[in-house]
Structures are given as structure tokens and as C-alpha cells.
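Q: So that we are looking at the same thing, I have put the structure below in C-alpha cells.
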């Protein structure tokens, strides 16, 4: 068999290309291929390539993609949840870069809040000092893990250059009637000395932070009127623009609730002051024709009455422009989440019964019936025209309480004047900075104790006034940060529309499921509000969600006492666990990692023991992102074995390419059979890896496909390794596709691959011989390879056809359906007719046609084929 048959370059061409390659490559291999790969070598590799794995952004690429992981609270040390979320986002970022897409992948710090303040108090240091130290520490750890963040976009919510714009947005909310102050019954944490939102109290009535039993207090607090946009937020969840939200849509809808009633703001006079309160009703006409209000004794406003005389109370109804009485009763079924109800006895039979039961006289029942639909519309129109409500909302949804009575938070930019009331700080005077604390005073520090800071002048009348001493809930800081990342140095506005125009909604948002209700709801509200101001091109902030499961550790607790004990104090007999010293039975279970449960894992230990690429691979392998991750070193052997096999593959590739002139024992047919198998495996595994990296983000499945391709390449004769064009192409494809997961290790494998002599000519130009692995292009299947067109009938796989890759992108749904209807398997299963179809086209991977038959008509659910 002649050497020319396999397209080997002549000596002159080879020398020229090697010289060109060595001149243009950034770095060469360490050349340790004769040694067995171990942790020491992997650490040398990571040190060698640490500066080379940084993706250099440019503005030359035509497309851009915004990949955003939720930014961390700077506790000082990364935990495994951090490692997981940022490994996911970084891998996707590197994948997109290999596809020629400019990627925005920023990071910052959710730096305000109680944990930092409490930790600073314990250490007798100012909160800002503690926070900055933690940020520095965590930033170093993130860089050690090789995450490719756009550090030039870095922001911190405790930086005045950031919270100036949080205050700016608050003032816009205030101007639009969406930020207001009101008396409310609140959850008071007696340990942390601050208000907690309802969602920050657990099922046992204890604080999510301190664990203390919360108390009920009546305080004047700041709210953001999120309920005004409730219906828009609810209906927006049905948008076709939202990808992969799955059960998060149901969580959001459950939180918002069905918007089947309207709110109107009433007023009443208490202790010579006018107070406002909201009344909710599913029947808007009652605001026109209502007889009286019913109020529960626990209503916040009733706590304000000095003499506790709550008889003969009246309030003003802005819709009917009349004064109507209020009756106090706890013997009424109020709507869920409400403690006041409007009664219209003359038009509602149930209301008439209530009035009769409570011996409340009402107007005589009218003989004629009103056009209720007309009266409903009339009431809504009046409420909206007078700006006193009229928006649809569920009964249970409350406005967002943002007041916090602690120092370490964004100051609320309001000044209280005895003459002018609540006056917004002028925009030109922002930011209202937190006063510096040089040394922490004993006990909890609050702004109201810093008198020099509190005392100020009213911007309107210039008389002596006081600053607002509450700070904002940290959820406010994180409700808009995704916009600031796109314009982080703007000194004139929070961000300009031009900077975000082609970047939002965020293409892929990655974070924990524990943030999929509150944070996501607040962020969506803020995005809708900013869009209403004309600042953004779209309402929704996030297009596709990747909600990763929690990282769990195995914990052990003594059965009789419930006391958690460390693993080293446990011994196992078959499947029975006992405490070593006492012999007491022990319960073993998987729980969220926690120091107190002795089931945590320190990322620093993993970095020190295995290196960053192995750590990243361990957290990504075996389990898809959405699935909870049971952390165990049991994953380690498989990961280390794959790295070992990859190392051996390059070693043998170099050896056999060097010795390719040795005797060839394979005949042409045998050689071509091996090439055909490699060709088929490369195309199939490239298609499936691409599918999971690009569309499903099930990175673990993509990794398993790369392991399969490795196995294929490990099982071919030396003659194929030495001479095969297909082996060379498949090996290059493998290294390129694994590089997003292991950028340092992949870079070393690629440098070794490039150093091999006797390259085989490849007309496909897959390999850019002069460039690093991170500057290659993601492999694509050959145009003559046949990809899958799968047909599912009522959720079950029924037929699979093969379509050449060059034709698949142009395959329309009607054509796919007609092709399937010609198949006997589909004819049989659709005899009763077709109710509906759904077509999923993934142009570079596969196509899936869903058919739903008439017999399933009443129970049709389009299953997630991913």
C-alpha cells in the first residue's frame, strides 16, 4: 500500500507547515507524554496554560450571546454550589466561543445583607472591610478554577458606583407611584433586629437567617407596588420567548396567583391623620355599589386607634366618592391573604346573608338588575383614571416589602420633612452614601443611631429634616444587575438602551432553584417596569433558564438524639450504620451541604488534590445540571480514568505517527473498515454531543458521548493511528469538544496533537494547525452523514428515518409529516386520526416530529423530547 494513498504531505510541505505552526502557536506542549499523567503533571499543565485559556473578546464576530450565572454573595469561600453553577456557565461560554459567537459572561458580587454584617460584628470589623476581603478571596478562587469571566464588567452591589443607580431606579419607582410607605404588620426578627418578608419565615415561624421565632409588629415600612404589574407578569409566563422554564413557570404562576380581582386604595382618618389601605374584590362593580367594608380585628390600621374605640368607623371610597361604614369582624371568610372585604348586599346574595347574619342594615334590594359587566368596566375605568387602583391581581399576592432596619444595605433616598412630608433626594445628590464606620460599636449598628448622618436639609423648603434610616432589601440590588453588567462604567444613567439593545433578554440564565421564585419574580417585575420607561427593548429579562440542582452531601446523625456526627465517627456493617464509640444506630441521608452537618466539601481541597480541570469535570460528569448532585469521591475513578485514556491516546498517536514508516500489516479493506467505523462514530457522537451542549445543556450526557468517542479511538490498530485521516480528524474533534470542560488539559492535549509528525492531508479544513484549541471551530458532521428524523406518536418512539445533514436544515414540518405518514409503523398508530403535531428541528443534530392522535385528544401533553 503506497504512502501517497493516505494523502501524506511531502517532506517539503511538512517542514514548511511545521515551521509556520511553531511560529504562530502561542505555546507548545510541556512534552511529558512519556510519563503517566498524575496530579502533579496536571497542576503543571494548569500553570503552563493558565494565561492561555482566557478567551480574548473582540467585536469582529457577528453574533453575540449573553450567558449569565447568578452572582454570588461574598462569604469568603466558594462552596460546591458555586463550583457547579460557574462550571456550567463557563463550559457553555467556551462552547459558544468555539461556534464563533461573541459571548458576554460577567461576574459580580451580591455584597449587601445580614450575613456580612453579622459576620463583621462577630469579628469587630466594619462590614465593608469584611466584604472587600471576602471578595478578594473568592475572586482568587474563581480564577484558580479557570473560569473565563469578563472581569472588566465586574460590579459589586455595595459599591456606591452601583447602588447610586439602585437609588436612581427607586426614585423612578417613587415618581410613578410604585414605591410607597405604609403601616403594616410585619415579621420582626428579635435577634437580627430587622423586618423579614413573609417568604423569609419558615413553616415553623422562625427566621431563615437567625432561626429565632419571629414576632409580629406594626411598623411603617417601604413597599414596591409589584401587584400593579401582577397580571402582566402572570400572562408573560405564557410567552413563546421563554425557553426551558418548565416547572419554573408553574412556580411563578403559583406565587403570583390567578389575577381574578382588582385592588382599590381607600382612605380613612385615624388620630387626625389620613391613612391609606387597599381593598381587593373579584367583583369590581362592588366599588360602585358597595354598602360597607368588613375588616378583620388584626388589620394594621386598627392598631393605630389610640382609644381602641373601633365603633362608628368610616372610610372614603374613591370610586363612588362616598363615605361608607367599616364593621369589624373575625367571623367572615375573607379572601386568601386579605383582611378587608367590600360588601354589596343589594346585588350579591352571599353578601346579603353576611349583612343579615351580622345584623347590619343595608339599602333595600333593587328590583331591577344592573348590567354587571358594564358596571365592572366602569369601576375599573374610574379607578385607573383616578390612579387609585383598578389593576388585576390575585387576593394572596402582596406588595414587595423592601424596608430593612440594618446598616449594611442600600440607603433609601428619601428625606422626611415635617412640612413637606416624604421628599425624594434630588438625582444630582445621588448616591446617598452609607456613613463610614471606623470601629464597630457594641451591638447591632443601625442608621438611626448615626445622628450626624440622619440630620439634613429638606430639598424643597431647606428646613431641618431627617434622612430615611431604613435600607433596601438586597433583592432590590439583584433585581436589575443583569442590565448594569452590559454598561458597568456608565456615569450618567444606570445603563443606556444602546448598550443593552442586542444583548437582552439574557440568552441563558444559570442559577439555583431556590432563587426561582422570589428573585426571579422581582427581577421580572423590575424588567417590566424599566421596559415601561422605554429603557429596554423587551419586557422579559431572561430567555432560557438553566436551574441547577443542589449539591448534596451525605450526612450522619444519631437516631436517638438527632445529633449530627462527622463521617469518621461512623462505621458501617453491610447497610447498617452505627456510631463508633457508643454503637448507637445512625441515620445516613443525603442533605444540602452544611458545616453543621459535617457533610460539606471544600473546593480548595479538590483544587489542591486534583487540580481545577478535574474538579470541574467531577462536578459536571454523570448528572445533568437540573438534577441534584450527590457529591461523592466515587465519581473520581471514572474521571481520572478518562483523563488517563486521553493522555495515553496522545502518547500513542505521537509514537505511531513518528514510526509510520514501519511495516503495515493491514490490507486495504481492513484499513477502510476501521476508517469507516471511525467516520461513523465521529459523526454520530459529534451530533449527539452538539445536541446536548447546544440545546439541552445536559452537559453530563455530552461528556459521556466524548468518553464513548475516546473508547472508539482506543480500540484501533497502530497502523490506523499512524496513517488514518479519519483517526486524525476524530482525535482533533474529540480534543476540541472536551476543551470547554477541561480548558487547560485540552490545551495540552491539543499542543501534543499539533506536535505529531507526518500529518495526513484533510481537505475538510477542520483543523487550524497554527492556532490553539480554544481558537478552533466546533466540529460539525459531514454533509453526507445521515442524521435522525424521529417520529413520536403520543410520546412513544415509533419510527426513525435518516436525512443527509445537508438536507436536514431545510426540512419543513409538512414534509416531515408526509414522509412519516408513508411509513407502515406510523400508518398503524394514526388510524384514528391526528389531533395535533409538533415539530422540533435542530439543524445540525436531529429533528423530532410529535404526533398526537384523536384518542389522546383530552389528555394531550407535549412531552419534552429533550
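Residue numbers (my numbering): 9 to 874.
Don't be surprised by glycine CBs; every beta carbon is placed ideally from N, CA and C.
(1) Is the beta carbon of residue 627 less than 8 Å from the beta carbon of residue 276?
(2) Quick check: the stretch 633-653 against the stretch 98-115, are at least 3 beta-carbon pairs closer than 8 Å?
(3) Would you tell me roughly how many angstroms separate the C-alpha atoms of residue 76 and residue 519, rounded to the nearest one?
(4) Is DSSP giving residue 839 helix, strand or coil here?
(5) Please confirm whether residue 158 and residue 96 have their CB atoms less than 8 Å apart.
(6) Can you check DSSP and say which residues form a bridge with residue 323?
(7) Report the partner residues of residue 77 according to the DSSP bridge assignment.
(8) Do the stretch 264-272 and the stretch 399-416 make contact, defined as three or more Cβ pairs closer than 8 Å?
(9) Quick one, which of 177, 558, 116 has its alpha-carbon nearest residue 632's?
(10) What does the Cβ neighbour count give for residue 877, buried or exposed, with the cut at 16 atoms within 10 Å?
(11) Are residue 813 and residue 795 closer than 8 Å when you measure CB to CB?
(12) Can you grab the Cα-Cα spacing for the pair residue 155 / residue 98, in whole Å?
(13) Just to confirm the assignment, what range does the beta strand (DSSP E) spanning residue 195 have?
(14) What does a CB cutoff of less than 8 Å around residue 29 pick up in its chain, not counting 5 residues either side in sequence?
(15) Around the C-beta of residue 565, are 16 or more other C-beta atoms found within 10 angstroms, so that it is buried, or is it exposed?
(16) Taking a contact to mean a Cβ-Cβ separation below 8 Å, would you say residue 164 touches residue 123 in this structure?
(17) With DSSP run on the structure shown, which of helix, strand or coil describes residue 277?
(18) Quick check: the Cα distance between residue 301 and residue 241, rounded to an integer number of angstroms?
(19) Out of 432, 405, 479, which one is the CA nearest neighbour of residue 343?
(20) Should residue 817 be labelled buried (16 or more other beta-carbon atoms within 10 Å of its own) or exposed?
(21) Checking the sheet assignment: what are the DSSP bridge partners for residue 473?
(22) Under the rule that 16 or more other beta-carbon atoms within 10 Å means buried, what is residue 32, buried or exposed?
(23) Is it true that the stretch 42-61 meets the stretch 740-760, where meeting means three or more beta-carbon pairs spaced less than 8 Å apart?
(24) Classify residue 860 as helix, strand or coil using the three-state DSSP reduction.
(25) Which same chain residues end up closer than 8 Å to residue 322 when comparing Cβ atoms and leaving out the 5 residues on each side of it in sequence?
(26) From residue 38 to residue 728, what does the alpha carbon distance come to, in whole angstroms?
(27) Where does residue 139 land, buried or exposed, given buried means 16+ other C-beta within 10 angstroms?
(28) Cα separation between residue 803 and residue 846?
(29) Between residue 714 and residue 750, which are expected to be in contact by the criterion C-beta below 8 Å, what is the C-beta distance as a whole number of angstroms?
(30) Taking the DSSP output, what are the residues bridged to residue 638?
(31) Residue 248 to residue 262, Cα distance in whole Å?
(32) What is the rounded straight-line gap between the Cα of residue 19 and the Cα of residue 773?
(33) When the Cα atoms are used, what is the spatial distance from residue 900 to residue 420?
(34) Around the Cβ of residue 673, are there at least 16 other Cβ atoms within 10 angstroms (buried) or fewer (exposed)?
(35) Can you tell me whether residue 308 is buried or exposed? The criterion is at least 16 other CB atoms within 10 Å of its CB, across all chains shown.
(36) Give me the residue from 56, 469, 78, 666 with the minimum Cα distance to residue 490.
A: The structure says:
(1) Within the chain shown, residue 627 is the residue found at index 619, counting from 1. Within the chain shown, residue 276 is the residue found at index 268, counting from 1. With contacts defined as CB atoms closer than 8 Å, residue 627 and residue 276 fail to qualify as a contacting pair.
(2) no
(3) To locate residue 76, count along the chain shown from 1; it is residue 68. To locate residue 519, count along the chain shown from 1; it is residue 511. Those two C-alpha atoms are separated by around 9 Å.
(4) Within the chain shown, numbered from 1, the residue matching residue 839 stands at position 831. Residue state, collapsed to three classes: coil.
(5) Position 150 of the chain shown holds residue 158. Position 88 of the chain shown holds residue 96. No; because the gap between Cβ atoms is not below 8 Å, this pair is not in contact.
(6) For the purposes of this step, residue 323 is identified with residue 315 of the chain shown, where counting begins at 1. Paired residues: 332.
(7) In the chain shown, residue 77 corresponds to position 69, counting from 1. Answer is 518, bridged to residue 77.
(8) yes
(9) Numbered from 1 along the chain shown, position 624 holds the residue referred to as residue 632. Answer by Cα proximity: 558.
(10) The structure shown does not extend to residue 877, since the chain is modelled only from 9 to 874, so the question has no answer here.
(11) Position 805 of the chain shown holds residue 813. Position 787 of the chain shown holds residue 795. Yes, these two residues count as a Cβ contact at 8 Å.
(12) Here residue 155 is taken as the residue at index 147 of the chain shown, counted from 1. Here residue 98 is taken as the residue at index 90 of the chain shown, counted from 1. Taking the straight line joining both Cα atoms gives about 6 Å.
(13) Residue 195 sits at position 187 when you count from the first residue of the chain shown. In this chain, the beta strand (DSSP E) harbouring residue 195 covers 187-197.
(14) Translated into the one-based positions of the chain shown, residue 29 becomes position 21. Annotation note: pLDDT 38 at residue 29 (below 50); position unreliable, coordinate value reported separately. Around residue 29: 762, 777, 778.
(15) Along the chain shown, one-based indexing puts residue 565 at 557. Answer is buried; the Cβ neighbour count reaches 16.
(16) In the chain shown, counting from the first residue as 1, residue 164 sits at position 156. In the chain shown, counting from the first residue as 1, residue 123 sits at position 115. It is not a contact, given that the beta carbons lie outside the stated cut-off.
(17) Here residue 277 is taken as the residue at index 269 of the chain shown, counted from 1. Of the three classes helix, strand and coil, the one that applies to residue 277 here is strand, per DSSP.
(18) Here residue 301 is taken as the residue at index 293 of the chain shown, counted from 1. Here residue 241 is taken as the residue at index 233 of the chain shown, counted from 1. Going from the Cα of residue 301 to the Cα of residue 241 covers about 29 Å.
(19) Along the chain shown, one-based indexing puts residue 343 at 335. Comparing C-alpha distances from residue 343 to each of 432, 405, 479 shows the shortest one belongs to 405.
(20) As a first step, residue 817 is located in the chain shown; it is residue number 809 there, counting from the start. Under this definition residue 817 is an exposed residue.
(21) The residue labelled residue 473 in the question sits at position 465 within the chain shown. Answer is 464, bridged to residue 473.
(22) Start at 1 with the first residue of the chain shown, and residue 32 comes out as number 24. Confidence in residue 32 is poor, its pLDDT being 36 and thus under 50, which makes the residue's placement unreliable; the coordinate value appears in the next sentence. Classification of residue 32: exposed, given that the 10 Å Cβ count is below 16.
(23) yes
(24) Taking the chain shown and counting its residues from 1, one reaches residue 860 at position 852. Strand at residue 860.
(25) For the purposes of this step, residue 322 is taken as the residue at position 314 of the chain shown. Here the set comprises 276, 331, 332, 333, 334.
(26) Position 30 of the chain shown holds residue 38. Position 720 of the chain shown holds residue 728. Cα to Cα, the separation comes out at about 26 Å.
(27) Residue mapping note: residue 139 aligns to position 131 of the chain shown, counting from 1. With 16 or more Cβ atoms within 10 Å of its Cβ, residue 139 is classed as buried.
(28) As a position in the chain shown, residue 803 is number 795, starting the count at 1. As a position in the chain shown, residue 846 is number 838, starting the count at 1. Each residue's Cα considered, the two are about 11 Å apart.
(29) Along the chain shown, read from residue 1 onward, the residue named residue 714 stands at position 706. Along the chain shown, read from residue 1 onward, the residue named residue 750 stands at position 742. No, residue 714 and residue 750 are not in contact; Cβ-Cβ is about 10 Å, not under 8 Å.
(30) Counted from its first residue, the chain shown places residue 638 at position 630. For residue 638, which the question treats as bridged, DSSP gives the partners 560.
(31) Translated into positions along the chain shown, residue 248 becomes position 240. Translated into positions along the chain shown, residue 262 becomes position 254. Rounded to the nearest angstrom, the two C-alpha atoms are 19 Å apart.
(32) Counting from one through the chain shown, the residue named residue 19 turns up at place 11. Counting from one through the chain shown, the residue named residue 773 turns up at place 765. Because residue 19 sits at a pLDDT of 39, beneath the cut-off of 50, its placement in the model cannot be relied upon, and the following sentence gives the value as read from the coordinates. C-alpha separation (whole angstroms): 20 Å.
(33) Past the boundaries of the shown model lies residue 900; the chain is included only from 9 to 874, so the question cannot be answered.
(34) Your numbering for residue 673 matches position 665 in the chain shown. Exposed, because fewer than 16 other Cβ atoms sit within 10 Å of the Cβ of residue 673.
(35) Within the chain shown, numbered from 1, the residue matching residue 308 stands at position 300. By the neighbour-count rule (16 or more Cβ atoms within 10 Å), residue 308 is buried.
(36) Residue numbering aside, residue 490 sits at position 482 when the chain shown is read from its first letter. Out of 56, 469, 78, 666, the CA that lies nearest to the CA of residue 490 is found in 78.
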